[in-house]
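For reference, the structure discussed in these notes is given below.
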Amino acid sequence: MMIAAATEENGMSAVIPDTMERAKGVMLFDLETDDPPRFVTENLAKHIVEAQCEALLCGFIYDTQFFETVAGAGVTRYLAAGLTVEEAVTAMNAYQLNMIPDYVGGPGCSDHGHDHEDCGCEKS
Numbered sequence: 023m024m025i026a027a028a029t030e031e032n033g034m035s036a037v038i039p040d041t042m043e044r045a046k047g048v049m050l051f052d053l054e055t056d057d058p059p060r061f062v063t064e065n066l067a068k069h070i071v072e073a074q075c076e077a078l079l080c081g082f083i084y085d086t087q088f089f090e091t092v093a094g095a096g097v098t099r100y101l102a103a104g105l106t107v108e109e110a111v112t113a114m115n116a117y118q119l120n121m122i123p124d125y126v127g128g129p130g131c132s133d134h135g136h137d138h139e140d141c142g143c144e145k146s
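With the sequence shown counted from 1, adding 22 to any position gets you my numbering.
Structure below.
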């Protein structure tokens with residue numbers, strides 16, 4: 023399973039920033055092999071799609087075009103801000119991460135990454 027993680031550096035101990043845009047690049051890696059991860063810093067959405075990633079571990083996404091590209095390719099976006107890549111992978115595999123349904127400000131609800139019926143916030 024190919025995974026992309028938005029980070030500031032290449033490594034499983036790298037921390038995922040609070041927004042996708044604050045990441046210096048994405049780490050692309052296969053959970054099923056021992057191949058070393060690849061770190062890319064340009065054309066992130068293109069690399070994520072070309073690597074056929076199934077998931078993106080990141081913070082909130084503000085960039086509409088980036089969001090539409092990865093979502094259109096069927097990449098599941100998981101909110102993993104503040105976690106290391108290793109912690110985020112563990113949480114994803116345990117179904118403990120919220121999905122990012124839309125970009126911030128988009129037509130769906132994406133301003134804090136969870137179902138509002140569960141959060142008690144004022145958005146409904």
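Even glycine gets a Cβ: it sits at the ideal position worked out from N, Cα and C.
A quick note: this is a predicted structure, and the numbers were derived from the prediction, not measured.
Boundaries of the beta strand (DSSP E) harbouring A26: M24 to T29, taken from the DSSP string.
The Cβ atoms of L50 and C75 lie closer than 9 Å to each other. Judged by DSSP in its simplified three-state form, M34 adopts coil rather than helix or strand. In this structure, the beta-carbon distance from A77 to M114 falls below 9 Å.
For L101, the closest alpha carbon among the candidates T91, G94, G33 and Y84 is that of Y84. Contact annotation: D40 and A103 have beta-carbon atoms nearer than 9 Å. DSSP places M49 in the uninterrupted beta strand (DSSP E) bounded by G47 to D52.
Out of E54, E90 and V107, the CA that lies nearest to the CA of F61 is found in V107.
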